[in-house]
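Report on the structure given below.
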Amino acid sequence: MLRPLVADRRPVDSVLDYDPTTESNVVNSSSPTNITTQSSSGSISHFRSDSSSSNSLESTPVFLMGHSMGGGLVLSYTSQDPDGLVQYLRGTIAIAPLIALHPASRPFGFNLTLALGRFASKFMPNRQMINRLDPSYLSRNPQKNQEWVDDQLCHDTATLQCLSAMLDRGTKLNEGSWRVAEGKHEDRKTRVLVVHGTGDKVNDAKASENWVEKYCVGVLDKGCWLLDGWFHNCKSDISR
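Just so we're aligned, residue 360 is where the sequence shown starts under my numbering, counting upward by one.
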């Protein structure tokens, strides 16, 4: 999920719930990365339009926040700033971002599988693939994990093109091709916060720590909060 988040935590109508299966509708016109960045831009633009017509929202600081794949997306979006809209955000928050998969979630022969998947996505971009996620990796709250299993929207299904683009974004972040410098956000400053549980077996917390340390170049207001023992879904974990 990507969410323009107002600082006082009031509800925001402009929310993007990103469904990877919808990418096939426009696969011939744009890449998944372009689609998701366009959606991010649209959400921010829509929120700015709403706030400009409301005195109560006009001066409210706005942050772009994403979790898991959305976390990787908001870091990628902030790094690339394709439409020059990052300057209107107070900062970027990524929770358990997909920069690198945790070893426990990588399939056997991961590098070969990734290479084959990238190749296949060029010829069968709309081919759907089910990639089951172990629900016990999500949190230490069995009830919340079961709710996730029972939720029909959590279908573990995506197109080959979506999966390839998702992992490519992570690779570019992990290798430092996409990084963030000072001066991105509001007032020509950059504010980046990454939050990651050390018990996350879906996405690798060490990759998050490494990205903040190495690739937030010259950024004064940056942070990586490592939550000891917390799992992937921080909002559902028992330690919260």
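We put the beta carbon where it would ideally sit given N, CA and C, even for glycine.
Quick one: residues in its chain with C-beta nearer than 7 Å to the C-beta of residue i, no 5 flanking neighbours on either side, listed in chain order?
i, result
"H461", "D559, K560, V561, N562, D563"
"G430", "A453, I454, A455, P456, L457"
"R491", "D515"
"C593", "I454, A455, V554, G556, L586, R599"
"L526", "L473"
Could you tell me which residues DSSP puts in a beta bridge with residue i?
i, result
"V328", "Not covered by the structure: residue 328. The range shown for the chain is 360 to 599."
"N562", "L460"
"D580", "R550"
"M488", "A517"
"H591", "Its beta-bridge partners do not exist; DSSP assigns none."
"G556", "L586"
"V539", "C575"
What whole-angstrom Cβ distance do residue i and residue j have, given they're in contact under 8 Å?
i, j, result
"L434", "P466", "24 Å between Cβ atoms; not a contact."
"T549", "V539", "6 Å"
"A459", "A524", "Incorrect: roughly 16 Å between the Cβ atoms, too far for contact."
What does a CB cutoff of less than 8 Å around residue i pick up in its chain, not counting 5 residues either side in sequence?
i, result
"V571", "V551, V553, K581, G582, C583"
Please go through the same chain and pick out, in chain order, the residues whose beta-carbon is closer than 6 Å to the beta-carbon of residue i, but skip the five residues on each side of it.
i, result
"L479", "Here residue 479 is Ala; the residue named in the question, Leu, does not match the sequence. Answer for A479: L519, listed in chain order."
"C575", "V539, V551, K581"
"D493", "none"
Just mark residue i as buried or exposed, buried being the case when its beta carbon has 16 or more other beta carbons within 10 Å.
i, result
"D596", "buried"
"C513", "exposed"
"L579", "exposed"
"G425", "buried"
message = Would the region 580-590 count as touching the region 470-485 if we require 3 or more Cβ pairs under 8 Å?
response = By the criterion of at least three beta-carbon pairs nearer than 8 Å, the region 580-590 is not in contact with the region 470-485.
message = Taking contact to mean 3 or more Cβ pairs, one atom from each stretch, closer than 8 Å, check whether the region 495-504 and the region 535-544 are in contact.
response = The region 495-504 is not in contact with the region 535-544.
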